[in-house]
Amino acid sequence: MQLGTVRVEFCVKNSHYRMSTGEPKLSSKYYNVVLLEAYTSAEWEKPLRLLSILLFSQASPTTSTKFGHYYDVSKTMSPELFQSIKWHSFYLPEELSLHPLPLHLPCKLTPTRQLLQSIQRIIYQEGFDGSDPQKKLKNILRIGIQSLGSMLWGDDICSSDTPEHIHSLTKFLYVLRGLLRKSLSACIITVPAHLIQNKAIMERVTNLSDMVVGLESFIGSERETNPLYKDYHGLVHVQQIPRLNSLICDVSDTKDLAFRLKRKLFTIEVRETVLFHYLEPKRWS
Amino acid sequence: MFTELNELLDASPQRPETGKFTLLRDTRTDGSFLVHHFLSFYLRAGCKVCFVALLQSFSHYNIVAQKLGVSLTAAKERGQLVFLEGLKSCLDLLFGEEEKQSGQPSPLQFISESASDLKALFDFVRTFLTPAGSDSWKGPVLLVDDLSVLLSLGATPVAVLDFIHYCRVTVCYQLKGNIVVLVHSNEDSEDEENELIVNSLCHHSDLILWVEGLATGFCKDVHGQVMHRRARRGGTCWCHTQRCLQAQGWARRAASAPWEMAQG
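Protein chains in written order, with the working numbering: chain B, 217 to 501; chain D, 3 to 266.
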């Protein structure tokens, strides 16, 4: 893996190119500035957490070919795995007591402000910004943030059409973008877009992100009973892909993607295949 | 830079225009390739360029510029290019040491809510584009990528329009330079503040380059179309010429529709 050229790719199982094992294969290289966001209904936070696990779990050298491959959503991660890797967490009540903000900073004290301070401190202390030449860089800092913009982070954009803190989320993303750009790190964020009333905020969030992926669940919609979608649980919308260090981005051929989530299998398929299979029997009946 | 675009606009680095405000607008696609075009164009033309880069890092623009035959690092070293890296300035403002903050005010100090206008940003632009005695550069150029980010950082639409107005007066009229600004817009956008800025700038632009993704959907060979609209102000008569061309491969499609508005 070449440092600084990191790209996250979703595996797409296309029936025209079905793999011999019949299992999805996830290839992963990482952008050092990937910011991946997804929005979905609350029921489908699970596949997004799953994506986070798949993309950012530590793979041991012996299982590098099966990186992020095996999972079971009914089970939690084993404590042994936690203890074997170096990780940092952010829990606001502890953060306030351990690392109070310097008084000279003019910004208001908010949870997201504390989170930025925490990320910046970890980047500096662990040497991910290359500031300490003595520290040998072995890996890339992977950051996962859940439900950004929700009331858990002290924002009111999910509870009001005219929120008081309308710029808090976008300012946070901009500063985070700056931190990622100047360090060897990547971040994946989930945003409950279905709760944000002000759609202008989501447009700005998209503009500030490198990669934007949406998961649209069929639950509660007319598609849930539509025979065209009977084999799938929702759609995958790749809204934006990174364009870093190049004039244009490499646009994928496939645009219509659907996903299916089972206890041990998460599949993304090209939706046009589904349409073809549905029409063919009718044509010849 | 793209020679086909220069032909369409009848522009040449040997004889850059003066006093022009160019608006780059993109819809359903990414129009930042035009920013790279104008950056390399004006550097080749020998103009002094102030680049307010709010969305990407310096290394990104430098790598792309090298593919277009221009070195931003060399331009900076010889004093031809002043590069404001918004991401870095923002980090310096929020995480910088107290001693550093007592010096020159940050161009983006409006983010920290100590000021509600963009005067510091304008002062930065004016300071570096006002010619010094030893300068041998041609007209100054202000390049902004992209203006929509200022709204995300807390600036009001009025503050953004004021900033652009002051820059136009100083750069275009007083210093006889040029301004190129990129904004994003969507047809069904709910971002009213952004649409207000876009519509206002459209009325004040001498040239609009509107990049759109194809309305018929995704196509592998053609990414979109570029529409160029030039406003010629001669007396009381306004003439708009409009041409479209395909972005990928630059195949020209005849869609010129000149019309004139009679004296109102």
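C-beta atoms are modelled at their ideal positions from N, C-alpha and C, and glycine is treated no differently.
N- and C-terminal bounds of the alpha helix (DSSP H) containing B:Gln299: Residues 295-300.
Any idea what DSSP makes of D:Asp164, helix, strand or coil? Per DSSP, reduced to three states, the secondary structure at D:Asp164 is helical.
From the DSSP output, in three-state form, read off B:Gln413 for me. Note: B:Gln413 maps to coil in three-state DSSP.
Chain D contact residues for B:Leu424, given Cβ-Cβ distances below 9 Å: In chain order: Leu57, Val151, Ser154.
Is it buried or exposed for D:Lys50, if we count other Cβ within 10 angstroms and need 16 for buried? D:Lys50 is buried by the Cβ-count criterion.
Leaving aside the five residues before and after D:Ala13 along the sequence, list all residues of the same chain whose C-beta is less than 6 Å from its C-beta, in chain order. Cβ within range, chain order: n/a, list empty.
Within chain B, partners of D:Leu163 - CB distance below 8 Å: One finds nothing in chain B with a Cβ atom closer than 8 Å to the Cβ of D:Leu163; even the nearest lies about 18 Å away.
From B:Leu431 to B:Arg337, what distance separates their C-alpha atoms? Using only the alpha carbons, I get a separation of about 32 Å.
Which residues bound the beta strand (DSSP E) around D:Thr24? Following the DSSP letters along the chain, one finds D:Thr24 inside the beta strand (DSSP E) bounded by residues 23-29.
By the 8 Å beta-carbon criterion, what residues does the region 366-384 of chain B contribute toward chain D? From the region 366-384 of chain B, only His383 have a Cβ closer than 8 Å to chain D.
Can you have a look at B:Ala416 and say buried or exposed, based on whether 16 or more other CB atoms are within 10 angstroms of its CB? Result: buried.
Closest residue to D:His38 among D:Val160, D:Glu194, D:Val173, D:Asp148 (Cα-Cα distance): Among D:Val160, D:Glu194, D:Val173, D:Asp148, the Cα nearest to that of D:His38 is on D:Asp148.
Do you know how far the Cα of B:Val421 is from the Cα of B:Ser313? Between the alpha carbons of B:Ser313 and B:Val421 lies a distance of about 31 Å.
Run the CB neighbour count on D:Asn180, radius 10 Å, all protein chains shown included, and call it buried at 16 or more, exposed below. Under this definition D:Asn180 is a buried residue.
At the level of alpha carbons, what is the spacing between B:Leu444 and B:Phe475? Distance between the alpha carbons of B:Leu444 and B:Phe475 is about 13 Å.
Return helix, strand or coil for D:Val51, following the three-state DSSP convention. The answer is strand: DSSP assigns D:Val51 an E or B state.
How would you write the range of the beta strand (DSSP E) that B:Gly430 sits in, first residue to last? Residues 427-433.
Between the region 167-194 of chain D and chain B, which residues of the former have a C-beta closer than 9 Å to a C-beta of the latter? Shown in chain order are the members of the region 167-194 of chain D whose Cβ falls below 9 Å from a Cβ of chain B: His186, Asn188, Ser191, Glu192, Asp193, Glu194.
Is there a Cβ from chain D that is less than 8 Å from the Cβ of B:Lys387? Yes, contact with chain D.
Euclidean distance between Cα positions of B:Gly411 and D:Leu89: Checking the sequence shown, residue 411 of chain B turns out to be Leu, not Gly. Approximately 29 Å, taken between the alpha carbons.
Per DSSP, cross-strand counterpart(s) of B:Thr292: The partner list for B:Thr292 (beta bridge, DSSP) is empty, contrary to what the question assumes.
With 16 as the cutoff for other CB atoms within 10 Å, does B:Leu400 come out buried or exposed? Under this definition B:Leu400 is a buried residue.
Run through chain D and tell me which residues come within less than 8 Å of B:Leu395, C-beta to C-beta. Within 8 Å of the CB of B:Leu395, the CB atoms of chain D belong to Leu93, in sequence order along the chain.
Check whether B:Glu461 and D:Val66 have beta carbons under 8 Å apart: Here residue 461 of chain B is Asn; the residue named in the question, Glu, does not match the sequence. Against a cut-off of 8 Å, the Cβ pair of D:Val66 and B:Asn461 comes out as a contact.
Excluding sequence positions up to five away, which residues of its chain have a Cβ less than 8 Å from the Cβ of D:Ser91? So the list reads Ser108, Pro109, Leu110, once near-sequence residues are dropped.
Under 9 Å (Cβ pairs) to chain D, residues found in the region 408-422 of chain B: With the criterion set as a beta carbon lying under 9 Å from some beta carbon of chain D, the members of the region 408-422 of chain B are Asn414, Lys415, Ala416, Ile417, Met418, Glu419, Arg420, Val421, in sequence order.
Taking only beta-carbon atoms, is B:Gln336 less than 8 Å away from chain D? Judged by the 8 Å Cβ criterion, B:Gln336 is in contact with chain D.
Can you name the residues of chain D whose CB is closer than 7 Å to the CB of B:Lys480? Simply none; closest approach about 33 Å.
Along the beta strand (DSSP E) that carries B:Gly436, what are the first and last residues, could you check? In this chain, B:Gly436 is not harboured by any beta strand (DSSP E), its DSSP state being neither H nor E.
Length-filtered (3 minimum) beta strand (DSSP E) runs lying within the region 355-427 of chain B: Counting only unbroken stretches of 3 or more residues, the beta strand (DSSP E) elements lying wholly within the region 355-427 of chain B are 357-361, 401-406, in sequence order.
In the DSSP assignment, find the unbroken beta strand (DSSP E) run with D:Leu2 in it and report its ends. A query on residue 2 of chain D cannot be resolved here, the shown segment of chain D reaching from 3 to 266 and no further.
Keeping to the same chain, check which residues put their C-beta closer than 6 Å to that of D:Ala53; ignore five residues upstream and five downstream. Residue identity check: residue 53 of chain D is Phe in the sequence provided, not Ala. Apart from sequence neighbours up to five positions away, the residues of its chain that approach D:Phe53 with a beta-carbon distance below 6 Å are Phe85, Leu145, ordered along the chain.
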